[in-house]
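A quick write-up on the structure given underneath.
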Amino acid sequence: MDNQPVYDAVVIGGGPAGSTAAYLLAGFGHRVALLEKQTYPRDKVCGGCLSQKSVRFLERVFHLPVPSLREKGLLDSVGTGYALYIKNSRILAGDLAEPFYFTRRERYDAILARKAADAGADIYEGAEVIAVDHARRTVTTSEGDRYAARVLIGADGINSRVRRSLPGSVVDRQRWRKNLGWALELAIPRVEVGALANGDGAIRLDADLATPHLVLAACRWGYGWVFPNRETLVVGMGGLLEKNRDDRRDRFTEFLKTLGLSAFADRRPAGYLLPFGNFIPSPAYEGTLLVGDAGGFASPILGEGIFYAHRTAELAAHAVDRHLTSGAPPGEIYTALLARHLIPGLRAEKALRDFLYG
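What follows is the structure, encoded as structure tokens:
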């Protein structure tokens, strides 16, 4: 494909942010292409916790209430119990009025991409973008295919090629690196965890392995977690990268020991980067917008990014729709919407992060 057809919008990246933007813009009647470098369903390392904000978003925007999420197999685990620790000391435990939900990202992302396709978006799998031309508003894939659009939306994650193609006037790269987060995560089959009888850890997991655990100060400027899924127990640790550059694996091994899971210390955890307070207040350049992890949008305290992926994509879609229908500058509209709806909360949470972890 060389310059044809010209789309109203090309969305780069097919995770929750990209699928949300494509779904909404197609629903508004625009011609949209969604480029995903892998093939669905693809694996995605992620704790998979769906906050109540995310669940409400899915119902409001995708018309997927909880019963529909269950029917489609998107809820891998549900529970109301929780336990909160500081190091080895439990400070809170109990049941929430509203439940926790956990999902498996390979299924979650695939179903949302299908929703975008059903709304009218063209989905291109195996389309890895390797070049971005902002002046011409085109992207080129590793196969040599070129896609042109009136607007480009970068939804291609924490290592976003679209973001890296933007000038320094848009992205403060020093601030980005200073607030970059990291995580290590290990999914352990529940049958193997249960066989250990949970007898030698300073933190005792519940017998039925159904309670999410958060452990503050498990690492410097960060925390550890235990999330129950249907078939696995997801054990993770993450925080601010610049405070944990040298001994992340050792700290993760120590965390497993604290949980009574040292038998699994020889297994290699998955590692990944994540936003941790490096959100870009004005993530726009000419006809290009950044959403989700690509723009650094996630909780500066917990690193939770699914809700922010959905919400920034929704705001970007409305900005692009106004641009396509009225000619108003999409970047200015998007930046104003972010300033009204998200940036104040993110700044407040970042200040709280510095207080809690510092």
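Letter by letter, the sequence shown follows residues 0 to 357 in numbering that gives the first Met the number 0.
Where is the CB? At the ideal position from N, CA and C, for every residue including glycine.
Source: prediction; values computed, not measured.
Residues that DSSP places opposite residue i in a beta bridge
| i | result |
| --- | --- |
| V128 | T140 |
| A20 | Answer is none; A20 lacks a bridge partner. |
| I85 | S88, L215 |
| D121 | A32 |
| Y39 | None; Y39 has no bridge partner. |
| D108 | None; D108 has no bridge partner. |
| W224 | L213, G235 |
| V391 | Because the chain here runs from 0 to 357, residue 391 falls outside it and cannot be looked at. |
| C48 | F101 |
| V54 | Looking at the DSSP assignment, V54 forms no beta bridge with any residue, so it has no partner. |
| G93 | Y81 |
| L151 | V9, T287 |
Residue j beta carbon less than 9 Å from that of residue i
| i | j | result |
| --- | --- | --- |
| D108 | V128 | no |
| G26 | G119 | yes |
| V234 | G223 | yes |
| L323 | H340 | no |
| A360 | E285 | The question about residue 360 has no answer here: the residues shown for the chain are numbered 0 through 357. |
| G200 | L258 | yes |
| P84 | E184 | The sequence shown places Tyr at residue 84, not Pro. Not closer than 9 Å, so no. |
| R160 | V170 | no |
| Y39 | K114 | no |
| D75 | N228 | yes |
| M363 | A217 | No statement about residue 363 is possible, as the shown extent of the chain runs from 0 to 357 and does not include it. |
Assumed close pair residue i, residue j - CB separation to whole angstroms, cut-off 8 Å
| i | j | result |
| --- | --- | --- |
| A182 | G302 | 7 Å |
| G153 | L345 | Between L345 and G153 the Cβ distance is about 18 Å, and since that is not below 8 Å, they are no contact. |
| A130 | T139 | 4 Å |
| D121 | A20 | Going by Cβ atoms, the distance from D121 to A20 rounds to 13 Å, so no, they are not a contact pair. |
| L111 | G180 | Their Cβ separation, rounded to whole angstroms, is 24 Å, which puts L111 and G180 out of contact at 8 Å. |
Residue i: CB within 8 Å of a non-hydrogen atom of the ligand MN
| i | result |
| --- | --- |
| L63 | For the structure depicted, the ligand MN is absent and the ligand set is empty, with no information on it obtainable. |
If you scan the stretch 236–286 from start to end, which runs of the beta strand (DSSP E) of 3 or more residues do you find wholly inside it? 269–274
Count the CB pairs spanning the stretch 303–314 and the stretch 184–195 that are closer than 8 Å, and state whether there are at least three. no
Of all the beta strand (DSSP E) runs that stay within the bounds of the stretch 285–342, which reach a length of 3 or more residues? 287–289
Are the stretch 276–295 and the stretch 256–268 in contact at 8 Å, needing three or more beta carbon pairs? The stretch 276–295 is not in contact with the stretch 256–268.
At which residue ranges does the stretch 154–217 contain complete beta strand (DSSP E) runs of 3 or more residues, listed in the order of the chain? Within the stretch 154–217, the complete beta strand (DSSP E) segments at least 3 residues long are 179–188, 212–215, listed from N- to C-terminus.
Whether or not the stretch 37–52 and the stretch 87–103 are in contact is what I'm after, with contact meaning three or more pairs of Cβ atoms, one per stretch, closer than 8 Å; do they touch? yes
Cβ pair count under 8 Å reaching 3, the stretch 204–217 against the stretch 63–83: Flag = yes, the stretch 204–217 and the stretch 63–83 touch.
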